Amino acid sequence: MTIEQLPSAGSPRGLVGLVDHDVRVDPFPVIGWDALVWVVGNATQTAHFLQSALGMTLEAYSGPETGNRDHKAFVLRGGAARFVVRGAVDPGSALVAHHDRHGDGVVDIALEVAELDRCVEWARAHGATILVEPHDESDEFGTVRLAALATYGETRHTLVDRSRYDGPYLPGYVARGSGYEPRAGRPARLFQAIDHVVGNVELGMMDRWVDFYHRVMGFTNMAEFVGDDIATEYSALMSKVVANGNQRVKFPLNEPAVGKKRSQIDEYLDFYRGPGVQHIALATGDILNSVDALRREGVEFLDTPDAYYSDPELRARIGHVRVPVEELRRRGILVDRDEDGYLLQIFTKPVGDRPTVFFELIERHGSSGFGKGNFKALFQAIEREQDARGNL
Ligand SMILES: [Fe+2]
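Structure, rendered in structure tokens:
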């Protein structure tokens, strides 16, 4: 296959690496991401950040003005991705205790499914904890059917069937825009879709959660990175990736491995007080423009060592990519290649106050990998940051 024949980031299939899949034989037919629901300390300001920095659009809202006296929730969209950010209004809200423990983070990786009741029965029969039983919620826009399963830590998967609903998000939410106007010349979108969502779990628990996604949700292994693949001199981690049938929903799962010093996964587990979502990878068709636009808004990225680009092995490893390596070096964008193609990727610094959740931008050109070849270079960069915080 030549570079020209590779599925490119310009096509919906190539963008997030979809494969053919027959949902009729799927015990748990996942259609795709429904929303990533966050609990944050200040949803009003996070909603502003997601518009100004990440280029998302405010679409819906729930809060005291709509009869929800407990919290404010803002619904934002960027391409196909939907984020919901929730912050307590009532000092007695359960969200206060959650935020006190975990800080800003993703509490719910909500998935759109076909045949929701069949999914829940399959999950129950295979050992899942059902947090919310299947039920209907309705308003003037129709009816949604919802349920929720527990996953790692205090994270959940809400399952959503919105085939009979055409409201702005869910019953209880009202359509809402904002007066925010993007800077002149900014690309219309800084990303098009969610590519993958990574979970950090405790030492020894990765295989348990891989098995959970196999057993409970019918996911399969995509790739496996173990031990030395992603070890540096000081810290290490293990990672395995599970995905749904068409590979739209991809969950890498990390656990710490023993190194000379504390793993970045240990640091996350300490500061999030347990397992949780480590990073959200956002697919873009033009990572150069996206990174430039994010930097103009003050988003900070991990530094990539200059040696990464001057290393003759890098050039031999990555071969021909669509842009000169100099353009990648200027922005700190990483490159990785496997037998199917290549990908470009870059990681932000943590977006909250705690060293926990962060974003990745990824531009795929045929590769369905996760940047295995970059892990070492990346972790060395992360460790410099960790060292600067006094946590290494
Ligand atoms: Fe990633």
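Okay, so the sequence shown: first residue is 1 according to full-length UniProt numbering, each after it adds one. Every residue, glycine too, gets a C-beta built ideally from N, C-alpha and C. Computed from a predicted structure; not experimentally measured.
- DSSP, reduced to helix, strand and coil, places residue 56 outside both helices and strands of the structure shown, so it counts as coil.
- Between residue 58 and residue 110, the C-beta gap is not smaller than 9 Å, which leaves the two residues out of contact.
- In this structure, the alpha-carbon of residue 34 lies about 12 Å from that of residue 248.
- Relative to the Cα of residue 241, the nearest Cα in the group 264, 258 and 207 belongs to 207.
- Per the Cβ contact rule, the region 41-50 is in contact with the region 70-90 (3 or more Cβ pairs under 8 Å).
- The beta carbons of residue 274 and residue 103 sit no closer together than 9 Å.
- Classified as buried, residue 123 has 16 or more neighbouring CB atoms from the shown chains inside 10 Å of its CB.
- Residue 251 has its Cβ no nearer than 8 Å to any heavy atom of ligand 1.
- In this structure, the C-beta of residue 106 stays at least 8 Å away from each heavy atom of ligand 1.
- Per DSSP, residue 252 is one residue of the beta strand (DSSP E) stretching across 250-257.
- Per DSSP, reduced to three states, the secondary structure at residue 291 is helical.
- By the 16-neighbour rule on beta-carbons within 10 angstroms, residue 355 is buried.
- Residue 173 sits in coil when the DSSP states are folded into three classes, being neither helix nor strand.
- Residue pairing for residue 243: DSSP places it in a beta bridge opposite 220 and 250.
- Shown here for residue 23: same chain residues with a beta carbon closer than 6 Å to its own, the five before and five after excluded, namely 29 in chain order.
- Less than 9 Å divides the Cβ of residue 283 from the Cβ of residue 194.
- In this model, residue 341 and residue 222 are separated by some 16 Å (Cα to Cα).
- Short note on residue 287: C-beta not closer than 8 Å to any heavy atom of ligand 1.
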